[in-house]
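Comments concern the structure below.
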Amino acid sequence: MGRDGGRRLLMGWASAAATCGGGGGESSSTTTTRTTQMDPSCPPFPQPEAPPLPLQLQPGLPGLELPTLDLERVGGEDRAALVAACRDLGAFRVVNHGVPGELRRRLLELVKQLLGRDTFELKKARPGYFWGTAALKSLRVKEVNWLEGLHVDLVPGSSSLSSQVGDGDDDDDDGWVPIRALMAEYGDHMARIARKLFDALADELGLDHHQAASYLAERQGFLRLYRYPPCPSSASCLGMEPHTDSSVLSIILGQDHVGGLQVLRDGAWRDVFPAPGELLVNLGDMMTAISGGSYQSVRHRVLASRPSTERVSCCYFAFPQEDAVVEAPSGIGDGVYRPFSYREFREQVQADIKAVGTKVGLSRFYATATRSQTVKMEYIMPFLWGS
Ligand SMILES: O=C(O)CCC(=O)C(=O)O
Ligand SMILES: [Fe+2]
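Residue numbering for the sequence shown follows the numbering used here, beginning at 3 and increasing consecutively.
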């Protein structure tokens, strides 16, 4: 997901701004009118003029059972189960992860306070604050993500964390200072967990020491803190559009008891139920490339929060070193992808979003042009045709 909300782009959206909490009031100049910011904490989400397309919710389908892995065993007796989960879907739960319950609880509580308490006017001035859909740059984007968030870099000693949430000795502690320490502590746990999972997979893939180190720069990962505010049209809006993560792996801490995350399984969207105390791991595109296509980057999305609920989550994303050339070990994946760096990938994603309004992703990096061409169009055309 992107970090800027693309507010200027919303100008081109010919519709009324919707409310967060519903209700009437001040109306848009263009159309039909439901508008007021009943809740001043909510960004001015727009709504398309035409009724949005149904979301293929397929209500009859049961929630998806994900494999649950014990972090302390993934290097040993649970390694086969880890590999199976990565080959099969690319998503699993982790228990025995060592992140104290109190830390998780305080972090989510702070996210809730910081994003839910302040007015939008105040929040939008915060470095790292974003809302809506980054790809709104392209007016072809048909859905607006019903979310807001804060991007937090975790590079040790970097000034970015300080500049986002204060430098620790400021007097204007309006609630952002305590979260800095929490995020740093939480980030250490995330780096530890990412390394442990990745090392088990690196071993399995036969990566050498240098590859194992450069394909996961876990300490340079970042956090995104999300709030999915109550949405008056939750049946037809998304909290976050369908996507695969670009990361090596991502670790999601979701608000206990509030669902909304779905993964695509055999062509159908399936709920991933919240499981208190557990962390959810998604493999990202970089892991697919590192494994020569053997491990899946799972396609997922988040439903918009119902009018009376809100969801908060905290996601950690770990990437390879920016310029490390990612290549699967010989004999694995038979050269499906050409060697490329994460920097190249990121730049290609940005270029595609600019050009066609969506991420095309790994199919851009297939080793053979013909294959690349075919799959690329499969990704792009449904989007352009609105299916
Ligand atoms: O909030 C969530 O549970 C998922 C967020 C997500 O998929 C992402 O940030 O890429
Ligand atoms: Fe994601």
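Note that CB positions come from ideal geometry on N, CA and C, so glycine has one too.
Endpoints, the beta strand (DSSP E) within which residue i is located
i: C316; result: R313 to A320
i: L209; result: Segment: none, L209 is in no beta strand (DSSP E) and carries neither H nor E.
i: A353; result: Note, A353: premise wrong, no beta strand (DSSP E); alpha helix (DSSP H) at Y344 to V358.
i: D41; result: Counting along the chain, D41 falls outside any beta strand (DSSP E), and DSSP gives it neither H nor E.
i: D273; result: A270 to D273
i: H99; result: Segment: none, H99 is in no beta strand (DSSP E) and carries neither H nor E.
i: P244; result: L240 to H245
i: D72; result: T70 to D72
i: V304; result: H302 to L305
i: D155; result: E150 to D155
i: F132; result: Y131 to W133
i: V265; result: L263 to R267
i: F224; result: F224 to Y230
First through last residue of the alpha helix (DSSP H) which encompasses residue i
i: E104; result: G103 to R119
i: R81; result: R81 to D90
i: L124; result: F122 to K125
i: I253; result: From DSSP, I253 is part of no alpha helix (DSSP H) but of the beta strand (DSSP E) over L251 to G256.
i: A1; result: Outside the displayed span of the chain (3 to 389) sits residue 1, for which this structure offers no information.
Beta-carbon spacing of residue i, residue j below 8 Å
i: F122; j: P234; result: no
i: Y339; j: E324; result: no
i: L110; j: L255; result: yes
i: L266; j: P231; result: no
i: R390; j: E150; result: The structure shown does not extend to residue 390, since the chain spans only 3 to 389, so no value can be given for it.
i: F94; j: V283; result: yes
i: A202; j: R81; result: yes
i: A320; j: L207; result: no
i: L116; j: L184; result: no
i: L68; j: N98; result: no
i: D120; j: S43; result: yes
i: L263; j: V250; result: no
i: S315; j: S236; result: no
i: L240; j: V101; result: no
i: G286; j: S252; result: yes
i: G337; j: A369; result: yes
i: A193; j: R221; result: yes
i: G118; j: E329; result: no
i: D247; j: P276; result: no
i: S365; j: G335; result: no
i: C88; j: Y318; result: no
i: H153; j: F200; result: no
i: M272; j: L71; result: Just to set this straight, residue 272 is Arg in the shown sequence, not Met. No. Outside cutoff.
i: P331; j: L209; result: yes
i: L124; j: I181; result: no
i: S216; j: P322; result: yes
i: G77; j: K198; result: yes
i: G134; j: N147; result: yes
Would the segment 75-92 count as touching the segment 284-302 if we require 3 or more Cβ pairs under 8 Å?
Yes, the segment 75-92 is in contact with the segment 284-302.
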